[in-house]
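Asker:
There are 2 protein chains.
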Amino acid sequence: MPSPTLSDVAQAAGVSYATVDRVINNRGNVAAKSIAKVNEAVAALGYVRNVAAANLSRKRVYRLAFLIPKGSNAFFNRVRDQIARVASHQSAERVTAEIIEVSAFAVAGLEASLSDLVHQDLDGVAIVGLQSERLEKPLAALREKGVAVIGLVSDLPPEFRSAYIGIDNIVAGRTAARMVGVAHAGQTGMVQTFVGSTDARDHAERLQGFCEVIAKDYPQITVRDPIMTKDDPAVLLSQTRGLLSGTPDTTALYNVGAGNSGLVQAIGEIRANRPFCVVHELVAHSRQALQEGLIDLVIDQRPDVEISRAFTVLRALIDDRDLPPLADLMPTIYVRDNLPADPLANTTEAQAT
Amino acid sequence: MPSPTLSDVAQAAGVSYATVDRVINNRGNVAAKSIAKVNEAVAALGYVRNVAAANLSRKRVYRLAFLIPKGSNAFFNRVRDQIARVASHQSAERVTAEIIEVSAFAVAGLEASLSDLVHQDLDGVAIVGLQSERLEKPLAALREKGVAVIGLVSDLPPEFRSAYIGIDNIVAGRTAARMVGVAHAGQTGMVQTFVGSTDARDHAERLQGFCEVIAKDYPQITVRDPIMTKDDPAVLLSQTRGLLSGTPDTTALYNVGAGNSGLVQAIGEIRANRPFCVVHELVAHSRQALQEGLIDLVIDQRPDVEISRAFTVLRALIDDRDLPPLADLMPTIYVRDNLPADPLANTTEAQAT
DNA sequence: CAAAAAATGATTGGCGTATATCAATACGGC
DNA sequence: GCCGTATTGATATACGCCAATCATTTTTTG
Chain A
146 MPSPTLSDVA QAAGVSYATV DRVINNRGNV AAKSIAKVNE AVAALGYVRN VAAANLSRKR
206 VYRLAFLIPK GSNAFFNRVR DQIARVASHQ SAERVTAEII EVSAFAVAGL EASLSDLVHQ
266 DLDGVAIVGL QSERLEKPLA ALREKGVAVI GLVSDLPPEF RSAYIGIDNI VAGRTAARMV
326 GVAHAGQTGM VQTFVGSTDA RDHAERLQGF CEVIAKDYPQ ITVRDPIMTK DDPAVLLSQT
386 RGLLSGTPDT TALYNVGAGN SGLVQAIGEI RANRPFCVVH ELVAHSRQAL QEGLIDLVID
446 QRPDVEISRA FTVLRALIDD RDLPPLADLM PTIYVRDNLP ADPLANTTEA QAT
Chain B
146 MPSPTLSDVA QAAGVSYATV DRVINNRGNV AAKSIAKVNE AVAALGYVRN VAAANLSRKR
206 VYRLAFLIPK GSNAFFNRVR DQIARVASHQ SAERVTAEII EVSAFAVAGL EASLSDLVHQ
266 DLDGVAIVGL QSERLEKPLA ALREKGVAVI GLVSDLPPEF RSAYIGIDNI VAGRTAARMV
326 GVAHAGQTGM VQTFVGSTDA RDHAERLQGF CEVIAKDYPQ ITVRDPIMTK DDPAVLLSQT
386 RGLLSGTPDT TALYNVGAGN SGLVQAIGEI RANRPFCVVH ELVAHSRQAL QEGLIDLVID
446 QRPDVEISRA FTVLRALIDD RDLPPLADLM PTIYVRDNLP ADPLANTTEA QAT
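Those sequence lines, one after another, are chains A and B.
Just so we're aligned, residue 146 is where the first sequence starts under the working numbering, counting upward by one.
Just so we're aligned, residue 146 is where the second sequence starts under the working numbering, counting upward by one.
#1: Going residue by residue through the segment 202-227 of chain A, where are the continuous beta strand (DSSP E) segments of at least 3 residues, counting only ones entirely within it?
#2: For a contact meaning CB atoms closer than 8 Å, what does ARG208(A) contact in chain B?
#3: In angstroms, rounded to a whole number, what distance separates the CA positions of SER161(B) and VAL154(B)?
#4: To the nearest angstrom, how far is it from the Cα of ILE478(B) to the Cα of ASN400(B)?
#5: Report back the beta-carbon spacing between LEU259(B) and LEU284(B) to the nearest angstrom; my notes put them in contact at under 8 Å.
#6: Give me the Cα-Cα distance between SER307(A) and ASP449(A), rounded to the nearest whole angstrom.
#7: Taking only the alpha-carbon atoms, compute the straight-line gap between VAL480(B) and CYS422(B) and give it to the nearest angstrom.
#8: Return the first residue and the last residue of the beta strand (DSSP E) that HIS425(B) is part of.
#9: Determine which residues share a DSSP beta bridge with VAL325(A) and list them.
#10: Since ARG208(B) and ASP266(B) are thought to touch, with beta carbons under 8 Å apart, how far apart are those beta carbons, to the nearest angstrom?
#11: Take ALA411(A) and list the residues in its own chain whose beta-carbon comes closer than 6 Å to its own, dropping the five residues that flank it on each side.
#12: In terms of DSSP beta bridges, what is VAL240(A) paired with?
#13: Do ALA210(B) and ILE245(B) have their beta-carbon atoms positioned less than 7 Å apart in this structure?
#14: Answer yes or no: do THR320(A) and PRO420(A) have a C-beta to C-beta separation smaller than 7 Å?
#15: Measure the alpha-carbon distance for GLN235(B) versus LEU459(B) and round it to whole angstroms.
#16: Output the boundary residues of the beta strand (DSSP E) element that contains GLN337(A).
#17: Would you please verify whether the beta carbon of ASP464(A) is less than 7 Å from any beta carbon of chain B?
#18: Contact defined as beta carbons within less than 8 Å: I believe LEU280(A) pairs with VAL263(A). What is the distance between those atoms, to the nearest angstrom?
#19: Return the first residue and the last residue of the alpha helix (DSSP H) that ILE180(A) is part of.
#20: If the criterion is Cβ atoms closer than 7 Å, does the pair GLY404(B) and THR374(B) meet it?
#21: Can a CB atom of chain A be found closer than 7 Å to the CB of VAL154(B)?
#22: Can ILE463(A) and GLY269(A) be called in contact, C-beta distance under 7 Å?
#23: Within the chosen definition, does the segment 389-398 of chain A reach the segment 334-353 of chain A through at least 3 CB pairs nearer than 8 Å?
#24: Please look up how many angstroms separate the CB atoms of LEU201(A) and LEU151(B), rounded, as I've assumed it's under 8 Å.
#25: Is the beta carbon of ALA504(B) less than 7 Å from the beta carbon of ILE359(B)?
#26: Measure from the C-beta of ARG230(A) to each C-beta in chain B and report whether the shortest distance is under 7 Å.
#27: Does DSSP put THR363(B) in a helix, in a strand, or in coil?
#28: Taking any Cβ of chain A, which residues in the segment 235-262 of chain B have a Cβ under 7 Å from it, in chain order?
#29: Using a Cβ-Cβ distance cut-off of 7 Å, determine whether ARG306(A) contacts chain B.
#30: Hey, could you find the ends of the beta strand (DSSP E) ASP445(A) is sitting in?
#31: Indicate whether at least one CB of chain B lies closer than 7 Å to the CB of ARG223(A).
#32: Smallest Cα separation from ILE444(A): which of SER431(A), PHE456(A), GLN433(A) and HIS425(A)?
#33: Measuring straight from C-alpha to C-alpha, what distance separates GLY334(A) and VAL368(A)?
#34: What residue does the alpha helix (DSSP H) around GLY269(B) start on, and which one ends it?
#35: Strictly below 8 Å CB to CB, what residues from chain A border ALA441(B)?
#36: How big is the Cα-Cα spacing for SER148(A) and VAL196(A)?
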């Protein structure tokens, strides 16, 4: 039993193909009663638009762009890789994705890049965002042109994007705190936190979530004021060194931001009797440190999953379809035992078996 | 610049459309040098087959079947729900999925169901498998008919399936052990484990992984011999009760199998000073227990992700395409802070924002 | 060198939808 | 009943590929 076509619907509804088309693609100028007849026929036959035929006919192409911070940050390298991978795989579905690099976390740079986008004839954009009023004008211009806009990893002003794909950083901080709490087994403790900058919203949120949970559920643990690191490994190295020698009562370290190679190096220098260590984002450094037992936990936001999802959501928005069932994105806890294979060693075939 | 079509390739290669078609869909009867010319032209132009057009033309439909154990097990309810959800969403791409219920974990039942499948004119099957020689004949018959076969959640004899989608249960057990180790903070301890049955391969593997890590990295923790539960909540209830009153030195519980409602109830009866508790699979019971602080950790295999992936992989196998970039499936650690929204409350729209 | 075999070319009719055009009909107000 | 507008019908073409047919050319073989 082949699935019904529009002609079948027309026949069942007792109207012409043209009328069915007018209803289905709501082109207007149709009598209410015809609309009703068509809808009934659609329901009765269980008609579903054949997307292959539709895409072919309307010569659908999906021109996507991703605005990603510039620089050699390990995390965003992972992001860029995954974008390229997915785009290459989806080229058969006429999807193209351009990566536009933006000066990291500078509103002015993002604003300029966004303004350029308007002239680019795109169908959808995913943006590693910032919360700033200065972005509103270019974002409004994009919306005006009918470009689908989503926030990625870091959100945009909500009224200017159709979706946000990323984790809740308060939840990430709470998760880290829970694990630190568990690792104290009821004993008293002292946690040193590190942040890149207090301006970074994600850092602030993680710290907030962390402190909330410790304060509420683990009152016997003290959280020291965070050390500012600018995500600089050198700063983390020296600060951690100082801490380990000078403050022996430190029972846990939690780095909210980046620059973990410095922290790991300092830990490696003492090894014995080190504090419990939690960091964010699974990249080469943190993976290795986890495997070698220099740190205990990595909280990861699964950028690969986020990117795949960004493509899915953008295409659904562009086609005006509803989304497939997608589970919530939550911070993922990695220990040395449940690490996924290194994506650099990933061939798609190897994953199939 | 519109993407090149087969006619463009023909022109560039200096051969006819028919020859290009013969090469692309390797129908044979083509001279080696023609093949080379076509391949060069494909590479030069960057030709990619338009899957929309191809699927339309060959009237592609994907008739899939999922063989899932019968019964009201909360985990497999989750699985069935997700299959229905994804199938309904993919109906626009002419995907149909039938759920075939099989007597739980009985080789005979699975064998019979498999034999039926052969007459069903399917394109792909995902099977919650068993390792048994008795399955080889029907599986070989399926392969003979060109049906794509994958193992789901629990593997099949590897030579009879093209892929396995599920977690490594040894890894799951190791992960649980790591967390139990962390939660002891170097103190001595005593862990009681529970298994459904020793025959169940997944249970045995989890236990094995668990014991490996404890023995190697946490020698101060003792693992007691597992209690057999048949995954029956009543057994877990009484056994846990007895344990909590009779053996106060128990510092952790790890249930490898199902039946957690009984365990949770027993824990709820004492609450104060309870042991550290780790269980598997996020379902209604375990979620609630986690939120209420009756247990500490749930190791989940993300059946929703597994199901989505099963559809993706089956379609890729049927189309003989290569797979999109997919991250490894690893056991996921849930604490009360990083729980995803309850899927029962999931509307697809809500997830978009 | 002729005959057989292999390879190639030329062409066609779908697949189901989108989109456009033009004619035909219905409906409303007066 | 007439006119103008709103609605409907009939029909055609294109999208890119698949699958098939038949004629023609090239290559191989004895």
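Cβ coordinates follow ideal geometry from the N, Cα and C atoms, glycine included.
Answerer: Per the coordinate set shown:
#1: If only uninterrupted beta strand (DSSP E) runs of at least 3 residues are considered, those enclosed by the segment 202-227 of chain A are 207-214.
#2: Counting from one through the first sequence, the residue named residue 208(A) turns up at place 63. Result: empty, since nearest Cβ-Cβ is about 12 Å, beyond 8 Å.
#3: Here the question's residue 161(B) lines up with position 16 in the second sequence. Here the question's residue 154(B) lines up with position 9 in the second sequence. Whole-angstrom Cα-Cα distance: 9 Å.
#4: Stepping through the second sequence from its first residue, residue 478(B) is reached at position 333. Stepping through the second sequence from its first residue, residue 400(B) is reached at position 255. Approximately 15 Å, taken between the alpha carbons.
#5: Counted from its first residue, the second sequence places residue 259(B) at position 114. Counted from its first residue, the second sequence places residue 284(B) at position 139. In this structure LEU259(B) is in contact with LEU284(B), their Cβ atoms being roughly 7 Å apart against a cut-off of 8 Å.
#6: Residue mapping note: residue 307(A) aligns to position 162 of the first sequence, counting from 1. Residue mapping note: residue 449(A) aligns to position 304 of the first sequence, counting from 1. If you take the alpha carbons of SER307(A) and ASP449(A), they lie about 20 Å apart.
#7: Sequence index remark: in the second sequence, residue 480(B) carries index 335 (1-based). Sequence index remark: in the second sequence, residue 422(B) carries index 277 (1-based). One C-alpha to the other measures close to 11 Å.
#8: By one-based count along the second sequence, residue 425(B) stands at place 280. Counted as a single uninterrupted DSSP element, the beta strand (DSSP E) harbouring HIS425(B) occupies residues 421-425.
#9: As a working note, residue 325(A) is residue 180 in the first sequence. Bridge partners of VAL325(A): none, in fact.
#10: Indexing the second sequence from 1 puts residue 208(B) at position 63. Indexing the second sequence from 1 puts residue 266(B) at position 121. Yes, ARG208(B) and ASP266(B) are in contact; Cβ-Cβ is about 7 Å, under 8 Å.
#11: What you label residue 411(A) is simply residue 266 of the first sequence in a count that begins at 1. Annotation for ALA411(A): LEU382, THR385 and ARG386 place their beta carbon closer than 6 Å to its own, counting only its chain and skipping 5 residues before and after.
#12: The residue labelled residue 240(A) in the question sits at position 95 within the first sequence. Per DSSP, TYR207(A).
#13: Position 100 of the second sequence holds residue 245(B). Position 65 of the second sequence holds residue 210(B). Their beta carbons are under 7 Å apart, which means ILE245(B) touches ALA210(B) by this criterion.
#14: The sequence position of residue 320(A) within the first sequence is 175, counting from 1. The sequence position of residue 420(A) within the first sequence is 275, counting from 1. Between THR320(A) and PRO420(A), the CB-CB gap reaches or exceeds 7 Å.
#15: Here residue 235(B) refers to the residue found at position 90 when the second sequence is read from its first residue. Here residue 459(B) refers to the residue found at position 314 when the second sequence is read from its first residue. Just so you know, the alpha carbons of GLN235(B) and LEU459(B) end up roughly 13 Å apart.
#16: As a first step, residue 337(A) is located in the first sequence; it is residue number 192 there, counting from the start. GLN337(A) -> beta strand (DSSP E) spans 334-340.
#17: Locating residue 464(A) in the first sequence gives position 319, where the first residue counts as 1. Judged by the 7 Å Cβ criterion, ASP464(A) is not in contact with chain B.
#18: Taking the first residue of the first sequence as position 1, residue 280(A) is located at position 135. Taking the first residue of the first sequence as position 1, residue 263(A) is located at position 118. That belief does not hold up - the Cβ atoms of LEU280(A) and VAL263(A) are roughly 13 Å apart, past 8 Å.
#19: The residue you call residue 180(A) lines up with position 35 of the first sequence. Annotation for ILE180(A): the continuous alpha helix (DSSP H) segment containing it runs 177-190.
#20: Taking the second sequence and counting its residues from 1, the one referred to as residue 404(B) is at position 259. Taking the second sequence and counting its residues from 1, the one referred to as residue 374(B) is at position 229. With respect to the 7 Å criterion, GLY404(B) and THR374(B) are classified as neighbours on the basis of their beta carbons.
#21: The residue given as residue 154(B) occupies position 9 in the second sequence. Among the residues facing chain A, VAL154(B) is not included, as its CB has no counterpart in that chain under 7 Å away.
#22: Counting from 1 along the first sequence, the entry for residue 463(A) is found at position 318. Counting from 1 along the first sequence, the entry for residue 269(A) is found at position 124. Cβ distance < 7 Å, so ILE463(A) and GLY269(A) count as in contact.
#23: Verdict: yes, contact present.
#24: Here residue 201(A) corresponds to residue number 56 of the first sequence, with the count starting at 1. Here residue 151(B) corresponds to residue number 6 of the second sequence, with the count starting at 1. With 8 Å as the limit, LEU201(A) and LEU151(B) do not qualify as a contact, their Cβ atoms being about 14 Å apart.
#25: Residue 504(B) lies beyond the stretch modelled for chain B, which goes from 146 to 498, so this question has no answer here.
#26: Start at 1 with the first residue of the first sequence, and residue 230(A) comes out as number 85. Closer than 7 Å to some Cβ of chain B, the Cβ of ARG230(A) qualifies, so yes.
#27: Taking the second sequence and counting its residues from 1, the one referred to as residue 363(B) is at position 218. Looking at the sequence provided, one finds Tyr at residue 363(B) rather than Thr. Assignment of TYR363(B) by DSSP, reduced to helix, strand and coil, places it in the coil class.
#28: When CB distances to chain A are screened at a threshold of 7 Å, the residues of the segment 235-262 of chain B falling below it are SER236, ALA237, GLU238 and ARG239, in chain order.
#29: One-based indexing of the first sequence puts residue 306(A) at position 161. Answer no: the Cβ-Cβ gap between ARG306(A) and chain B never drops below 7 Å.
#30: Within the first sequence, residue 445(A) is the residue found at index 300, counting from 1. DSSP places ASP445(A) in the uninterrupted beta strand (DSSP E) bounded by 442-445.
#31: As a first step, residue 223(A) must be located in the first sequence, where it is residue number 78. Not one beta carbon of chain B lies nearer than 7 Å to the beta carbon of ARG223(A).
#32: Taking the first residue of the first sequence as position 1, residue 444(A) is located at position 299. Cα-wise, what sits closest to ILE444(A) is HIS425(A).
#33: Along the first sequence, one-based indexing puts residue 334(A) at 189. Along the first sequence, one-based indexing puts residue 368(A) at 223. When the Cα atoms are used, GLY334(A) and VAL368(A) turn out to be separated by approximately 9 Å.
#34: Residue mapping note: residue 269(B) aligns to position 124 of the second sequence, counting from 1. Looking at the DSSP string, GLY269(B) is not in any alpha helix (DSSP H); the run it does join, the beta strand (DSSP E), is 269-272.
#35: Looking up residue 441(B) in the second sequence gives position 296. Note that residue 441(B) is Asp in the sequence shown here, rather than Ala. Residues of chain A passing the Cβ test: VAL327.
#36: Position 3 of the first sequence, counting from 1, holds the residue named residue 148(A). Position 51 of the first sequence, counting from 1, holds the residue named residue 196(A). Taking the straight line from one Cα to the other gives about 13 Å.
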